[in-house]
Each structure stands twice: as structure tokens, then as C-alpha cells.
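Just so we're aligned, residue 28 is where the sequence shown starts under my numbering, counting upward by one.
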Amino acid sequence: MRLSALILLAVMASPLSAQTTIEGDNTTIQLGNTEDITTQTRAQVSSAPAAQLRGLDKLSGASVDLQSTNLKPVEFGALEITMHDCRYPKDNPSGDAYVRLTILDRGLEKPVFDGWMVASSPALSALDHPRYDVWVIRCKLDDRTPSVVAGESSPRPIMRPEGLGGN
């Protein structure tokens with residue numbers, strides 16, 4: 028027998044050591060006989076009334092900061108972005124935000140994005156659009172929450188200093 032066939036037989040013959048338990052809205056995955064540590068490791072979260080997003084027009088290179096409030100669509104180019112929820116760690120309001128978004132393109136019937144985006148991992152669940160990029164910056168708790176932290180954003184495309192390559 029070939030090596031790949033032997034590996035396949037070994038995997039099929041071994042007992043399954045992972046099991047999934049679904050309890051209400053929570054999914055618990057246990058490996059073998061380990062204890063369920065879900066309740067000990069799950070962070071407490073809160074919802075914010077607004078989210079700070081950033082949009083990039085890949086054609087012009089311009090980036091725009093957008094503020095989206097719960098269920099009120101905001102327009103960015105040909106996109107209409109609706110925030111459903113913005114969650115953040117209860118003990119760290121400036122921490123990792125994750126936002127539930129629906130993004131529609133005016134030229135298409137179905138949403139181009141419908142799901143959760145995570146601020147610390149924008150590529151984890153990203154908008155796949157030929158012209159626009161949209162990602163989450165943070166949740167906005169109130170008007171005192173800064174829209175942009177110094178040095179975090181540039182409204183214009185980054186330009187190369189004179190004398191460094193190019194034309």
C-alpha cells in the first residue's frame with residue numbers, strides 16, 4: 028500500500044476525540060475528556076451605539092473615516108453600510124472591537140458583505156469588492172471617544188518623498 032493510503036486508514040480507524048456540544052446560543056467544543064472551560068475564558072462584552080469604520084477607494088487611493096450608528100445606513104461611494112451591532116470587551120472599551128455589518132452595492136441585488144468584522148484582524152472576515160475596502164477601527168461609546176488617534180489615518184494617499192524613485 029502507498030503511504031497516503033496507510034495514513035488514511037490510520038485516521039479512519041482512530042476514535043474521534045473531539046465532540047461538539049451546542050447549548051442555546053453557545054457552542055462548546057471539547058477535546059477528549061477535557062473539562063469545559065468556556066465560561067472561564069469567555070470575555071464579557073458590551074455593545075456600543077456606534078462604530079468607527081474606515082473606507083478605501085482603491086481607484087483613487089483616498090481613505091475616508093466613517094461613523095456608523097445602529098441600523099442607520101451610511102454611504103461610501105457606491106456602497107451602503109449598515110451596522111447591526113458593535114461589541115467590545117467590557118473591561119477594556121478601547122480594546123478589540125467586532126462589528127456586525129451588512130454592506131450593499133447599489134448595482135447588485137445581494138449584499139457584498141454580511142457578517143462580523145474584527146478590528147484587530149481585518150483580513151479574517153473582509154469585504155471582497157473590486158473597488159472598495161471597508162474595515163473596523165473601534166466602537167464609539169459616546170462623543171468623547173476619539174474618531175481617529177493621531178497618526179492613525181491619512182485622508183490623502185501616501186506620497187513618495189521627492190527624489191526617491193518614481194518620475
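For glycine and all other residues, C-beta sits at the position ideal for the given N, C-alpha and C.
Does the beta-carbon of Leu154 have 16 or more other beta-carbons within 10 angstroms, so that it is buried, or is it exposed? buried
Can you tell which of Gly82, Trp143 and Lys117 has its C-alpha closest to the C-alpha of Ser90? Gly82
Could you check if Lys137 is buried or exposed, using at least 16 other CB atoms within 10 Å of its CB as the buried criterion? exposed
Please classify Asn119: does DSSP put it in a helix, a strand, or coil? coil
From Val126 to Arg158, what distance separates their C-alpha atoms? 21 Å
Is the beta carbon of Leu168 sitting closer than 8 Å to the one on Met144? no
Separation of Ala77 from His111, as counted between CA atoms: 9 Å
Range of the contiguous beta strand (DSSP E) that encloses Asp141: Phe140 to Val145
Could you tell me whether the Cβ atoms of Gly142 and Ala105 are closer together than 8 Å? no
Under 8 Å between C-beta atoms of Leu80 and Ile164: yes
Which term fits Ser121, buried or exposed, when burial requires 16 or more other beta carbons within 10 angstroms of its beta carbon? exposed
DSSP three-state label for Gly88, please. coil
Measuring straight from C-alpha to C-alpha, what distance separates Asn119 and Ala75? 13 Å
Does Ser95 pass the burial test, meaning 16 or more other C-beta atoms within 10 Å, or should it be called exposed? buried
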